[in-house]
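Just so you know, we're using the UniProt record's numbering here: the sequence shown kicks off at 1 and counts up by one.
Don't be surprised by glycine CBs; every beta carbon is placed ideally from N, CA and C.
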Amino acid sequence: MIRVGHLIIDANIGDGLKDVLYRLAAPTPERPRDMRYELRLVVPEVLRPVILHHAHEDFQSGHQCITRTYERLRSEFFWIGMFQDVEIFECTDCASAKGRPPHPGPSPGNIEPTGPFEVVSMDFITHLPKSERGNTFLLLFQDMFTGYVMCKPMSSTTGQDCAEAYEEVVFRNYGASSEIRHNRDPRFMSRVFRRFNETMGIQQKATLAYRPQANGQQVRSGQTIIHSIRAYVEEPDQTGWDDHAEKLMHAMHTSFDATRLDTPFYLLHGFDCRSTIAAMFGPKPTDVTERTAYEWRRKLQRDYSYTHACAEELQKKAKRIRSAVQTQKWKILSEHPKSGFEVGDSVWLYIPKVLPGLSRKSAHLWHGPFRIEQGTGYRVEPWVHISRLKPRALFPKRPSLRIEVSEEDDFDAALLPEDSWGPDSVYQEYEVEVIVDLRWTKRTRNAKRIRAYLIKWKGYDELQ
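See the structure below:
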């Protein structure tokens with residue numbers, strides 16, 4: 001083995017594999033875990049597209065963002081310009097399935113726990129198409145300390161079903177939490193769910209009405225999961241979304257969290273989840289002696305205590321600078337609309353509509369790409385398709401000639417004598433002399449009651 005700078009040559013990583021190039025990564029002080037030297041496999045140029053595909057589009061990766069894809073790569077591999085390659089990596093599924101036009105809104109923040117599964121947030125993702133297993137809802141649970149997300153596809157959402165889902169997904173694996181954070185969904189506020197929480201000794205904390213920002217971490221996690229599901233749904237009727245959601249939990253657990261500076265899996269368990277590629281290459285060359293289970297547990301507890309302290313420090317720091325960050329965010333948002341597009345730019349068009357019977361949550365709402373041909377200002381008469389038009393019924397033209405009447409021809413009808421009026425010669429016009437009787441009748445078509453009058457007409461003897 002020959003060391004050249006930060007590179008190590010001729011390392012054995014498995015049976016029959018030799019002459020593999022590694023890079024010796026130096027410690028990074030600003031990252032809690034990168035405090036020791038690590039070996040990272042140097043990937044040749046011909047294999048980089050394959051590794052990029054695995055780190056972004058595979059089910060183990062879940063079509064995550066640039067930072068999470070890069071952190072997944074840098075933990076195992078190395079090549080010059082890795083971040084630039086990740087940044088310019090074009091994924092059509094992400095471009096057409098993720099995001100929506102920005103709608104800025106301030107957030108009051110979330111409850112800040114002090115340990116794993118002390119506070120668990122929960123929320124429903126509704127209006128999903130009926131899957132092959134009959135599920136139409138996705139119930140999400142998230143540990144607000146580590147960001148660990150769990151899901152439960154459901155077909156019924158009563159208070160009893162919510163309590164059973166919590167017992168199956170959270171309590172059986174991690175025990176009871178101290179608090180549950182949720183919105184004011186009637187299923188969470190039901191008497192059955194409240195009785196279940198009282199039995200488990202859990203305190204419910206519901207958000208204010210119409211304030212999703214109060215549980216923003218859970219809402220953002222739901223959006224991330226839906227965006228990832230869209231990228232993998234291939235069935236025309238979208239019936240396989242529940243299987244994709246359960247598989248994508250692994251990608252959520254092993255993705256880098258920029259707020260907590262690590263993956264939720266490591267923050268909860270204290271060790272990294274090994275990917276299929278890492279398992280295929282075998283263990284890395286190391287000079288660390290094998291530990292017993294007790295020594296491993298002691299090291300795990302030390303790492304956990306250190307991570308816990310880092311998380312508390314990050315929470316305090318975020319709380320101190322929250323107001324400054326919010327102010328800077330609004331400045332950026334106010335300047336963003338001023339930066340327009342140029343003629344010739346390639347763009348995606350956001351159309352938030354889907355075919356009848358499909359769900360917007362699992363559909364690709366960005367269409368294109370298109371290219372800008374012309375930029376126009378505000379138009380009073382917009383350009384529309386002829387199918388959106390219908391003919392308008394125009395009234396006849398009004399007379400344009402003015403009739404002049406002299407004072408001699410003008411007269412007042414009230415000053416005329418009574419005998420100056422001639423008999424009424426209009427056909428089928430009658431004058432009512434007296435109303436003799438009134439009765440109520442009922443129509444058989446719509447059972448509506450109507451009034452019928454018995455009339456004596458002036459000049460006639462018969463009653464009608």
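query: Beta-carbon separation of Pro264 and Thr146 under 8 angstroms?; result: yes
query: Look at the Cβ atom of His63, then the Cβ atom of Ala231, and state whether they are nearer than 8 angstroms.; result: yes
query: With a CB to CB cut of under 7 angstroms and the five nearest residues on each side skipped, what residues in its chain are close to Gly175?; result: Phe117
query: Comparing C-alpha positions only, which one of Glu30, Leu349, Lys353 sits nearest to Pro369?; result: Leu349
query: Please classify Gly159: is it buried, with 16 or more other beta-carbons within 10 angstroms of its beta-carbon, or exposed?; result: buried
query: Spatial neighbours of Glu179 within its chain, please: C-beta separation below 6 angstroms, excluding the five flanking residues on both sides.; result: Val119, Gln203, Lys205
query: Taking the alpha-carbon of Glu38 as reference, which of His269, Phe83, Phe77, Leu128 has the nearest alpha-carbon?; result: Phe77
query: Using the Cβ count rule (16 or more neighbours within 10 Å means buried), how would you classify Ile321?; result: exposed
query: Going by the DSSP bridge assignment, what does Thr441 pair with across the sheet?; result: Ile450
query: Checking the sheet assignment: what are the DSSP bridge partners for Trp241?; result: Trp241 is not bridged to any residue.
query: Quick one: measure Cβ to Cβ for Phe271 and Arg72, integer angstroms, because I've assumed they're closer than 8 angstroms.; result: With a Cβ gap of about 16 angstroms, Phe271 and Arg72 do not count as contacting.
query: Quick one: is His182 buried, meaning 16 or more other Cβ sit within 10 Å of its Cβ, or exposed?; result: buried
query: Could you check the C-alpha separation between Leu138 and Cys94 for me, to the nearest Å?; result: 21 angstroms
query: Would Ala55 and Thr67 be called neighbours here (beta carbons separated by less than 8 angstroms)?; result: no
query: Tell me which same chain residues have a C-beta within less than 7 angstroms of the C-beta of Leu358, skipping the five on either side of it?; result: Pro129, Gln238
query: If contacts are defined as beta-carbon pairs under 8 angstroms, then Ala245 and Phe196 qualify, I think. What distance do you get, rounded to the angstrom?; result: The Cβ separation is near 24 angstroms, so there is no contact.
query: In whole angstroms, what separates the C-alpha of Thr441 from that of Leu463?; result: 18 angstroms
query: Quick one: what does DSSP say Tyr350 is sitting in, helix, strand or coil?; result: strand
query: On the premise that Ser131 lies in contact with Gly282, defined as a C-beta separation below 8 angstroms, what is that separation, rounded to the nearest angstrom?; result: With 8 angstroms as the limit, Gly282 and Ser131 do not qualify as a contact, their Cβ atoms being about 38 angstroms apart.
query: If we ignore side chains and look at the alpha-carbon of each, how far apart do Arg260 and Leu314 end up?; result: 7 angstroms
query: In this structure, how does DSSP classify Ala176 when only helix, strand and coil are distinguished?; result: coil
query: Ordered along the chain, which non-local residues of its own chain (more than five positions away) have a Cβ less than 6 angstroms from that of Ser96?; result: His364, Trp366
query: Between the alpha carbons of Cys273 and Ile372, how many angstroms are there, rounded?; result: 45 angstroms
query: In whole angstroms, give me the CA-to-CA distance for Glu404 and Gly459.; result: 41 angstroms
query: Per DSSP, Cys151 forms a beta bridge with which residues?; result: Leu140
query: Residues in its own chain within less than 6 angstroms of Glu431 by CB, not counting five upstream and five downstream?; result: Lys458
query: Determine the burial state of Leu454: buried for a count of at least 16 other Cβ atoms within 10 Å of its Cβ, exposed for fewer.; result: exposed
query: Since Val43 and Ile51 are thought to touch, with beta carbons under 8 angstroms apart, how far apart are those beta carbons, to the nearest angstrom?; result: 5 angstroms
query: Note the first and the last residue of the continuous alpha helix (DSSP H) segment covering Gly168.; result: In the sequence on display, residue 168 carries Glu and not Gly. First-last for Glu168: undefined, no H or E at that position.
query: Any idea which residues DSSP pairs Val42 with across the strands?; result: Phe78
query: From Ser61 to Arg220, what distance separates their C-alpha atoms?; result: 18 angstroms
query: Go ahead and label Pro153 buried or exposed: buried means 16 or more other beta carbons lie within 10 angstroms of its beta carbon, across all protein chains shown.; result: buried
query: Just to confirm my understanding: we take Arg122, look at its own chain, exclude 5 residues before and 5 after, and list those with CB closer than 6 angstroms. What are they?; result: Strictly speaking, residue 122 in this sequence is Met, with Arg absent from that position. For Met122, where only same-chain residues beyond five positions count, the Cβ hits under 6 angstroms are Phe141, His182.
query: Kindly indicate the opening and closing residues of the alpha helix (DSSP H) around Met280.; result: 276-281
query: Less than 8 angstroms separating the beta-carbons of Ala251 and Phe59?; result: yes
query: Under the rule that 16 or more other beta-carbon atoms within 10 Å means buried, what is Tyr306, buried or exposed?; result: exposed
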